[in-house]
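For reference, the structure discussed in these notes is given below.
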Amino acid sequence: MSSPLLLSLATAAALLGLAGTPHCLAMCTAPCAAAQRVAGGGPAAALGWQVGRGLAYTLAGAVAAGGAAPLQTLVGGQGFLRPLFLLMHLATLALGLWLLLAGRWPAVLEAGLEALSQGLRGCLQALRPAARVIWLQPAAAGAPGPACGGASRLARGALLGSGWILLPCGLLASALMLAVQAPGPAAGAVVMAAFALGSGGGLALLPRLQRSGAGQPRAWAQRLALRLAGAALLASGAWLVWQGGHFPGRDLC
């Protein structure tokens, strides 16, 4: 495992998550509070949600990097394939530069995420009848329901948190772009774990803000967050492009 490369990717992912806090406050306040309410509420549900989300992100990072590992091995032995990874690094750099300058997601990415969101919403609507039967369905107001202890709330929160990997989020997609470039599944898991930790602090504030009735961050704060996230991606992309010169067979490219 390349320590400098892993350190660069993990640092960029953590900064990406941290800088994206205002974006998360704007986009995830309601669904986060709803998920924890369905899980039973309280510190146990909140902790379970964070743990489930972190584990899902970590697993996704391992899968993303593991899927790219054979290509990395092939690139290492075949110099003429190096441009494939160079293009991937340049895409990371270009996305970071766009976010830094524009303070918003590219229109094509927003359109793709919106299409994914519509498809996911349809799937959830189809599964809604089943959700009324299983234990995730909250009891009606005032109706007696099953006791929900701390362990049960923790498990419910973890299950709901693990589903956060399915949300169509541009910030998450950017973090996965970094994980794909990690040198192996373990490194990819570390990268996404760093992103989960970096973004976890802001997400922990969401239920409290929801209860207090605090408004969403102003538009300028969201733009600033995306610009900071873009700076992290830009720095990582530039380092990856430079680091790419150390692949075997570089004389052929």
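For reference, each letter of the sequence shown is one residue, going -26 to -1, 1 to 227 in mature numbering (1 follows the signal peptide of the UniProt record, and there is no 0). For each residue, glycine too, the CB sits at the ideal point set by N, CA and C.
For Pro159, the enclosing alpha helix (DSSP H) begins and ends at Pro159 to Ala178. A residue is called buried once 16 or more other Cβ atoms fall within 10 Å of its Cβ, and Ala149 is buried on that count.
Inter-residue distance for Ala42 and Ala(-17) is about 17 Å (C-alpha atoms, whole angstroms). Considering only Pro(-23), Gly204, Ala20 and Pro17, the residue with the shortest C-alpha distance to Met151 is Gly204. Pro(-5) sits in a helix when the DSSP states are folded into three classes. For Trp138, the CB contacts under 7 Å within the same chain, skipping 5 residues up- and downstream, are Arg27 and Ala30 in chain order.
The Cβ atoms of Ala39 and Ala153 lie closer than 9 Å to each other. The residues Ala(-13), Gly(-10) and Gly28, in chain order, have a CB closer than 8 Å to that of Leu171 in the same chain once the five nearest residues on each side in sequence are set aside. Annotation: Gly158 to Gly77 spans about 32 Å, alpha carbon to alpha carbon.
Taking the Cα of Pro(-23) as reference, the smallest distance to any Cα among Leu64, Ala161 and Leu75 is reached at Ala161. In the same chain as Leu73, and ignoring 5 residues on each side of it, the C-beta atoms closer than 7 Å to its own belong to Leu200, Arg201, Ala203, Gly204 and Leu207, in chain order. With contacts defined by Cβ atoms closer than 9 Å, Val25 and Gly176 do not form a contacting pair. Inter-residue distance for Gly(-7) and Leu145 is about 7 Å (C-alpha atoms, whole angstroms).
When the Cα atoms are used, Val82 and Met62 turn out to be separated by approximately 17 Å. Around Ala163, the same chain offers Thr32, Gly35 and Ala36 as residues with beta carbons nearer than 6 Å, after the five sequence neighbours per side are excluded. Remark: C-beta atoms of Ser210 and Thr66 approach each other more closely than 9 Å. Contact between Leu(-21) and Ala156 holds: CB atoms are separated by about 7 Å, below the 8 Å threshold. Pro80 is the residue among Pro57, Pro80 and Ser(-19) whose C-alpha sits nearest the C-alpha of Cys143.
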